[in-house]
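Asker: Heads up: the sequence lines are chains Y and V, in that order.
Mind the numbering: the first sequence is residues -4 to 318 in the working numbering, read in order.
Mind the numbering: the second sequence is residues -2 to 273 in the working numbering, read in order.
Note that beta-carbon positions come from the ideal geometry of N, C-alpha and C, so glycine has one too.
Note that the coordinates shown come from a computational prediction; the quantities given were computed from them, not determined experimentally.
Sharing a structure below in structure tokens format, with a few things to ask.
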Amino acid sequence: MSEIVVFAPITGQGVLPSTAEVVTAARDICGAGDRVIVVAADDDVARYRDALSFEGVDELVLIRTPDITGANTDALSHAIADALEDRDVSFVLAPASDAARSVMARVAVLMDAGMTAAVKTLEVAGDGDIAQLKTSFGDQAMVSCSLTTRPGIVTLLPGNYDAALLSASGAPSVTERVADGLVSAVEVLADDGGAGNSDDEVLPITAADYVVCVGRGAMTGDNFELAKKYAAKAGAALAGSRPMIDNGWLPFAAQVGESGTVIRPRVALILGVSGAIQFTEGIKGEPLTIAVNTDKDAGISHFAKYLAVADMGDVLKELLSDV
Amino acid sequence: MEIDDAKGAKPLRLAICVKHVPTCDDIEVDEATGRIRRADAECDINPCDLNAMEMANALKKSVADAGGATIMAFSMGPDGALASLKKCLALGADEAYLLSDRKFAGCDTLGTARVLAHFLKAKGPFDVIFMGEMASDGATGQVGPMTAALLGVPDVISVATISCGERAGQFIVEQHIAEGVRRLLVKSPMVVTVPFGVNQPKLPTLRMQMRANKIAIPVLTASELSADELARLAPKSIVTSTRAIGTHAQAELIEGDAKAIAAKIRELVEGGRQHV
Chain Y
-4 MSEIVVFAPI
6 TGQGVLPSTA
16 EVVTAARDIC
26 GAGDRVIVVA
36 ADDDVARYRD
46 ALSFEGVDEL
56 VLIRTPDITG
66 ANTDALSHAI
76 ADALEDRDVS
86 FVLAPASDAA
96 RSVMARVAVL
106 MDAGMTAAVK
116 TLEVAGDGDI
126 AQLKTSFGDQ
136 AMVSCSLTTR
146 PGIVTLLPGN
156 YDAALLSASG
166 APSVTERVAD
176 GLVSAVEVLA
186 DDGGAGNSDD
196 EVLPITAADY
206 VVCVGRGAMT
216 GDNFELAKKY
226 AAKAGAALAG
236 SRPMIDNGWL
246 PFAAQVGESG
256 TVIRPRVALI
266 LGVSGAIQFT
276 EGIKGEPLTI
286 AVNTDKDAGI
296 SHFAKYLAVA
306 DMGDVLKELL
316 SDV
Chain V
-2 MEIDDAKGAK
8 PLRLAICVKH
18 VPTCDDIEVD
28 EATGRIRRAD
38 AECDINPCDL
48 NAMEMANALK
58 KSVADAGGAT
68 IMAFSMGPDG
78 ALASLKKCLA
88 LGADEAYLLS
98 DRKFAGCDTL
108 GTARVLAHFL
118 KAKGPFDVIF
128 MGEMASDGAT
138 GQVGPMTAAL
148 LGVPDVISVA
158 TISCGERAGQ
168 FIVEQHIAEG
178 VRRLLVKSPM
188 VVTVPFGVNQ
198 PKLPTLRMQM
208 RANKIAIPVL
218 TASELSADEL
228 ARLAPKSIVT
238 STRAIGTHAQ
248 AELIEGDAKA
258 IAAKIRELVE
268 GGRQHV
């Protein structure tokens, strides 16, 4: 019997939504007698109790870290490693997101644990080992990894597991801890949660099942407005290639590419994007890719599954006519 | 590492760690070993390492009249990585070191961080250690935070800008987060990781590159690590198999006028969103 821990990052917008998918992954690899534990740490962690009470979780560990939040990864990692130290943990799973990346890497060092990051799925092998399947070299290769340590730390990309539901009756048992005396070399001066976003309600591009990506072609006429309108109507997130961000059309958080904003939607509609590798590196998980471009030989024609050689504005007008 | 509290005109000591990565779009897997054939692959400096170099240069420039700064570049890898270090020298690094030894081959991210941390400590202290956010081959983004943890210093990922604070040993760091931008006051020493696209890296001119090519780059080997340190390099995350994934050679064309195209897109999107 061992424990599979899910680390739930707390961000300025609350519990990171993809945590729910990681809970499902943890339940999937649970052997007989294993327990699933959700661990969260924050200055005000108690307020997230309900949002962290997923179905199928055996225990919720809430670590209050006075004056320490997600920005203080140097201190937060100590609070988490300390909480896990005396437990029989086989795996620590976390969402592969910026909110967890630094903390989990630091926990791996503190626990001298092996870590496999940006994993798509976990598979229980014949010998009982848990294989981590992930892509590498810009999705050119699929690799299977194995961790030699227990605990082993794995971060999981969103979009590969169904989200666990919240439990109607709350978590079966809650353990509360206080991590006093933590010291951080990082002080938050300003946390501009809305910077770059307009007053519209913006769907995060990493969480959306459908993403509309626009490139230079959207800078012509009313193409950008049409794309924005279509994305809103279709319930899609609006993202852009780098020129759209450099020229102020979209905020940095909407940039798809090697910037670190990697998306894994089910469907990506790519409008007026040439298809440079710096952009295509940002679309992972083998989604259905549909491109609209006036140049049939654009690089995107070698990346997308489908290509329509047409003016994006004309196509968007038709799409808007009957969404 | 020690914090340099000296106020006044003491030069900043900056470091940058870069990775020499395959750039080809068509990788090959060795069927016998199940590993990527790196030796045959065309390689270059990891793209966002150039953004990190640009940011280090900007910080160096900002203190040109206040003590100045030096930049030391490091890269762990085989001899081929010298090309990436030479690029750093051409772009403004003052010194460069190649960390290369057969005993470093096969390191996972934690092992790589241990090697980097050892030599950063040996050549330090540094006020700020710059790294690219993630390598284009592995794309894990772990090495920066792991190196910081091993050095016992903070790390800030997704850094957009860095500038000196009002007091020595303090820096103002702007960090991209999902919700926007976070402004931090960070005590040095620290590791910052820089994503692709946050600035416009300069490329070296031929003259700068030719001059840099003449600078000798010392090779630091495993002989400088203790037996205990070497034992800790054994990988804990092991690749057990690799297979190449075929890519779409050419997109399937959607024919017809805008109306027909929209109809087909609607159908594809609907099907694709329902597919799990």
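(1) If we define contact as Cβ-Cβ less than 7 Å, is threonine 202 of chain V a contact residue for chain Y?
(2) How would you label isoleucine 171 of chain Y, buried or exposed, when you count the other beta carbons within 10 angstroms and need 16 or more for buried?
(3) Following the continuous beta strand (DSSP E) through tyrosine 94 of chain V, name the residue where it begins and the one where it ends.
(4) Return no unless some Cβ of chain V is closer than 7 Å to the Cβ of glycine 189 of chain Y.
(5) Kindly say whether tyrosine 205 of chain Y, judged by its beta-carbon, lies nearer than 7 Å to any beta-carbon of chain V.
(6) Where does threonine 143 of chain Y sit, in a helix, a strand or coil, going by DSSP?
(7) At a CB-CB cut-off below 9 Å, which residues of chain Y make contact with leucine 107 of chain V?
(8) Run through DSSP, which three-state label would phenylalanine 274 of chain Y get?
(9) Who does glutamate 323 of chain Y pair with in a DSSP beta bridge?
(10) Using a beta-carbon distance below 7 Å, is arginine 164 of chain V in contact with chain Y?
(11) Any beta carbon of chain Y sitting closer than 7 Å to that of lysine 184 of chain V?
(12) Suppose only complete runs of 4+ residues qualify. What are the alpha helix (DSSP H) ranges in the stretch 185 to 217 of chain V, listed by chain order?
(13) Can you list, in chain order, the residues of the stretch 53 to 70 of chain Y whose Cβ is nearer than 7 Å to any Cβ on chain V?
(14) Rounded to whole angstroms, what's the CA-CA distance from lysine 233 of chain V to leucine 147 of chain V? Just pull it up for me.
(15) If distances are taken between C-alpha atoms only, which option among Y:Gly243, Y:Arg261, Y:Tyr225 comes closest to lysine 312 of chain Y?
(16) Using the Cα positions of glutamate 51 of chain V and aspartate 124 of chain Y, report the straight-line distance between them to the nearest angstrom.
(17) Are the beta-carbon atoms of aspartate 41 of chain V and glycine 129 of chain V separated by less than 7 Å?
(18) Whole angstroms are fine: how far does the CA of serine 162 of chain Y sit from the CA of leucine 265 of chain V?
(19) I'd like to know whether the C-beta of tyrosine 156 of chain Y is nearer than 7 Å to at least one C-beta of chain V.
(20) Going by DSSP in three states, methionine 128 of chain V sits in which element: helix, strand or coil?
(21) Give the DSSP-derived three-state secondary structure of serine 220 of chain V in the structure shown.
(22) In whole angstroms, what is the alpha-carbon distance linking proline 192 of chain V and methionine 131 of chain V?
(23) Would you say glutamate 281 of chain Y and leucine 160 of chain Y are within 7 Å of each other, going by their C-beta atoms?
(24) What does isoleucine 285 of chain Y touch in chain V if you count any residue whose Cβ is under 9 Å from its own?
(25) Since proline 8 of chain V and glycine 65 of chain V should fall inside the 8 Å C-beta cutoff, what is the C-beta to C-beta distance between them, to a whole number of angstroms?
(26) In the structure shown, what three-state DSSP assignment does alanine 70 of chain V receive?
(27) Evaluate contact between the stretch 90 to 110 of chain V and the stretch 178 to 197 of chain V, counting only Cβ atoms and requiring at least three cross-stretch pairs below 8 Å.
(28) Check whether the Cβ atoms of leucine 88 of chain V and proline 215 of chain V lie closer than 7 Å to each other.
(29) Just verifying my parser: in three-state terms, what is the DSSP assignment at proline 199 of chain Y?
(30) Whole angstroms are fine: how far does the CA of proline 90 of chain Y sit from the CA of glutamate 118 of chain Y?
(31) Nearest-angstrom Cα distance between serine 316 of chain Y and lysine 256 of chain V?
(32) Using three-state DSSP, classify leucine 71 of chain Y as helix, strand or coil.
(33) Starting from the Cα of lysine 5 of chain Y, find the closest Cα among Y:Phe298, Y:Val33, Y:Val310, Y:Ala20 and give me that residue.
(34) So arginine 291 of chain V is in the beta strand (DSSP E); what residue range does that whole segment cover?
(35) DSSP beta-bridge partners for lysine 129 of chain Y?
(36) Could you check if threonine 289 of chain Y is buried or exposed, using at least 16 other CB atoms within 10 Å of its CB as the buried criterion?
Answerer: Well, looking at it:
(1) no
(2) Here the sequence assigns glutamate to residue 171 of chain Y, which means isoleucine is not the residue at that position. It is exposed - the Cβ of glutamate 171 of chain Y has fewer than 16 other Cβ atoms within 10 Å.
(3) 92 to 96
(4) Here glycine 189 of chain Y scores only 42 on pLDDT, less than 50, and its place in the model is too uncertain to base an answer on.
(5) yes
(6) coil
(7) Ala100, Ala103, Val104, Asp107, Ala108, Gly109, Met110
(8) helix
(9) Past the boundaries of the shown model lies residue 323 of chain Y; chain Y is included only from -4 to 318, so the question cannot be answered.
(10) no
(11) yes
(12) 203 to 210
(13) Ala66, Thr68, Asp69
(14) 16 Å
(15) Y:Tyr225
(16) 43 Å
(17) no
(18) 35 Å
(19) no
(20) strand
(21) helix
(22) 7 Å
(23) no
(24) Ala248, Ile251, Lys261, Ile262, Leu265, Val266, Gly269
(25) 5 Å
(26) strand
(27) no
(28) no
(29) coil
(30) 17 Å
(31) 10 Å
(32) helix
(33) Lysine is not the amino acid found at residue 5 of chain Y; the sequence shown has isoleucine there. Answer by Cα proximity: Y:Val33.
(34) Here chain V has residues from -2 to 273 only, and residue 291 of chain V is not among them.
(35) Y:Val138
(36) exposed
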